[in-house]
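Participant:
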Amino acid sequence: MLDSLIITQHSGRIFVDTGATNSTTAQLILAYQQQVQSISKPPQFVFLTHGHPDHAGGIALIQRTYSSTPIYVVSQQVAEETMQWIDFSCEHSIFSGAQCNLNYASILRVLTSPQSQISFSHPSIKLRAINDLVKGDSSYAGLLELTTPSGIPFLLTGDSIVIQSHLFVSNFFENQTPHDSDNVLCEWAGYMQASGCEFRSNRRFIIFPGHGPVRHANRYTQDIALNIDWIRALRRLTINSCNISYVWSQMIRQYPNFASKDIDMKGALNTHVPTNANSVGCKCNNGSPAICPMCNEPPRCRYLDNNIGDSKLSCSTRSSLRKDT
């Protein structure tokens, strides 16, 4: 999983995300120090794609090691969502005291001009931060585009684009509570469809997702189609079951390469189970029934009701999404 990444080329030095724990972040810092052959030379900056704990958990250690290194996010919404997840992780003893006892509001710096404000030390390498509204894996996120001297663009996506989802389908919205609407899954499908249109004009893109293998853009439309199938299956299961363990086992059975079996929170499916089944009158009670007596169809979703083939994605989705946001 790419929950953190170091980029050191020529004189440029940046981190993308920070890792989940002090141990993983310490390994990241050690690898960086070995690459730059210095324990005192700080990174230019850290770019935080989004606020999930597995990507933001190392902020405290990076701040303690390199106090002068700025940590950037693309929007105030990303900063706020990051702080909400940190508060959640501290309240549930997921983070340590060192991770919790920081003023994140002053540490996280919001880019006022994401597309032009950050730069690499070497002029031949171009950077561009992209502000992306994501509904599904996180509420708000940023992507980082890096173009090499040879003209090959790399896209570092955090969890905005997932090649193999890790079943984390809850997110914090402005009311600071996990969202339980099926509409989240519907709109996540729409945003993934729209993202495929970004690569129609440039097939040279190499994608570094937060979870899953590195991909070339010409393969990405097939990955989107697989992700869409995964969301269809998840929606159908959550609206027909009151039992999280049953839904989890069925998703792993159908998509064994997608899910991490050691995620204790079961991908935060508690935000959808039993809420989705109760919404159609299944009358859930302490995880029963595992399968509702009546087979229920998920609510209509304009991004999922039509079958989309591997090589044919509707780019009209993109324009409709932009109008919605």
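Sequential numbering from 1 applies to the sequence shown in full-length UniProt numbering. Even for Gly, the Cβ is constructed at its ideal location relative to N, Cα and C.
Hey, residue 8 and residue 37 are a contact pair by Cβ (cut 8 Å); roughly how many whole angstroms apart?
Facilitator: Reading the sequence shown from its first residue, position 8 is the one you call residue 8. Reading the sequence shown from its first residue, position 37 is the one you call residue 37. Actually they do not touch by this definition, with Cβ atoms about 10 Å apart.
Participant: Here's the rule: buried if 16 or more other CB atoms are within 10 angstroms of the residue's CB, otherwise exposed. What is residue 239?
Facilitator: Here residue 239 corresponds to residue number 239 of the sequence shown, with the count starting at 1. By the 10 Å Cβ count, residue 239 comes out buried.
Participant: Just to confirm my understanding: we take residue 265, look at its own chain, exclude 5 residues before and 5 after, and list those with CB closer than 7 Å. What are they?
Facilitator: Taking the sequence shown and counting its residues from 1, one reaches residue 265 at position 265. The predicted position of residue 265 is uncertain, since its pLDDT is 48 and thus under 50; no value can be drawn from it.
Participant: Quick check: the Cα distance between residue 218 and residue 156, rounded to an integer number of angstroms?
Facilitator: Numbered from 1 along the sequence shown, position 218 holds the residue referred to as residue 218. Numbered from 1 along the sequence shown, position 156 holds the residue referred to as residue 156. Cα to Cα, the separation comes out at about 16 Å.
Participant: Flag this pair as yes or no: are the beta carbons of residue 47 and residue 86 separated by less than 9 Å?
Facilitator: Translated into positions along the sequence shown, residue 47 becomes position 47. Translated into positions along the sequence shown, residue 86 becomes position 86. Their beta carbons are not under 9 Å apart, which means residue 47 does not touch residue 86 by this criterion.
Participant: Quick one: give me the first and last residue of the alpha helix (DSSP H) that residue 331 is part of.
Facilitator: The shown model of the chain, from 1 to 325, leaves out residue 331, and the question about it has no answer.
Participant: What would DSSP say about residue 37, mapped onto helix, strand or coil?
Facilitator: Translated into the one-based positions of the sequence shown, residue 37 becomes position 37. Coil at residue 37, not helix or strand.
Participant: According to the Cβ coordinates, are residue 58 and residue 28 closer than 9 Å?
Facilitator: Here residue 58 corresponds to residue number 58 of the sequence shown, with the count starting at 1. Here residue 28 corresponds to residue number 28 of the sequence shown, with the count starting at 1. The answer is yes: Cβ separation under 9 Å.
Participant: Rounded to a whole number of angstroms, what is the C-alpha to C-alpha distance between residue 107 and residue 43?
Facilitator: Your numbering for residue 107 matches position 107 in the sequence shown. Your numbering for residue 43 matches position 43 in the sequence shown. When rounded, the distance between both Cα atoms is 15 Å.
Participant: Taking the alpha-carbon of residue 295 as reference, which of 278, 40, 224 has the nearest alpha-carbon?
Facilitator: Looking up residue 295 in the sequence shown gives position 295. Cα-wise, what sits closest to residue 295 is 278.
Participant: Measuring from the CB of residue 225, is there a heavy atom of the ligand COA at a distance below 8 Å?
Facilitator: Only the bare structure without any ligand can be found here, which leaves the ligand COA out of the picture.
Participant: Here's the rule I'm using: 16 or more other beta-carbon atoms within 10 Å means buried, otherwise exposed. How should residue 84 be labelled?
Facilitator: Taking the first residue of the sequence shown as 1, we reach residue 84 at position 84. Buried, because 16 or more other Cβ atoms sit within 10 Å of the Cβ of residue 84.
Participant: So, are the CB atoms of residue 191 and residue 205 less than 9 Å apart?
Facilitator: Numbered from its first residue, the sequence shown carries residue 191 at position 191. Numbered from its first residue, the sequence shown carries residue 205 at position 205. For residue 191 and residue 205, no; Cβs fall outside 9 Å.
Participant: In whole angstroms, give me the CA-to-CA distance for residue 67 and residue 22.
Facilitator: To locate residue 67, count along the sequence shown from 1; it is residue 67. To locate residue 22, count along the sequence shown from 1; it is residue 22. Rounded to whole angstroms, residue 67 to residue 22 spans 16 Å at the Cα level.
Participant: Classify residue 16: buried if its beta carbon has 16 or more other beta carbons within 10 angstroms, exposed otherwise.
Facilitator: As a position in the sequence shown, residue 16 is number 16, starting the count at 1. Result: buried.
Participant: Do residue 126 and residue 146 have their CB atoms nearer than 9 Å?
Facilitator: Here residue 126 refers to the residue found at position 126 of the sequence shown. Here residue 146 refers to the residue found at position 146 of the sequence shown. Yes, Cβ-Cβ distance for residue 126 and residue 146 is below 9 Å.
Participant: Going by DSSP, name the residue or residues bridged to residue 131.
Facilitator: To locate residue 131, count along the sequence shown from 1; it is residue 131. Partner(s): 142.
Participant: Can you look up residue 274 in the DSSP assignment and give me helix, strand or coil?
Facilitator: Sequence index remark: in the sequence shown, residue 274 carries index 274 (1-based). In the structure shown, residue 274 sits in coil (DSSP, three-state: anything other than H, G, I, E or B).
Participant: Drop a sphere of 10 angstroms on the beta-carbon of residue 71, count the other beta-carbons inside from all chains shown, and report buried for 16 or more, exposed for fewer.
Facilitator: As a working mapping, residue 71 is identified with position 71 in the sequence shown. Buried, because 16 or more other Cβ atoms sit within 10 Å of the Cβ of residue 71.
Participant: Quick one: grab the DSSP three-state call for residue 158.
Facilitator: Within the sequence shown, the letter at position 158 stands for residue 158. Strand.
Participant: Under the three-state reduction of DSSP, which class applies to residue 108: helix, strand or coil?
Facilitator: Stepping through the sequence shown from its first residue, residue 108 is reached at position 108. In the structure shown, residue 108 sits in a strand (DSSP, three-state: E or B).
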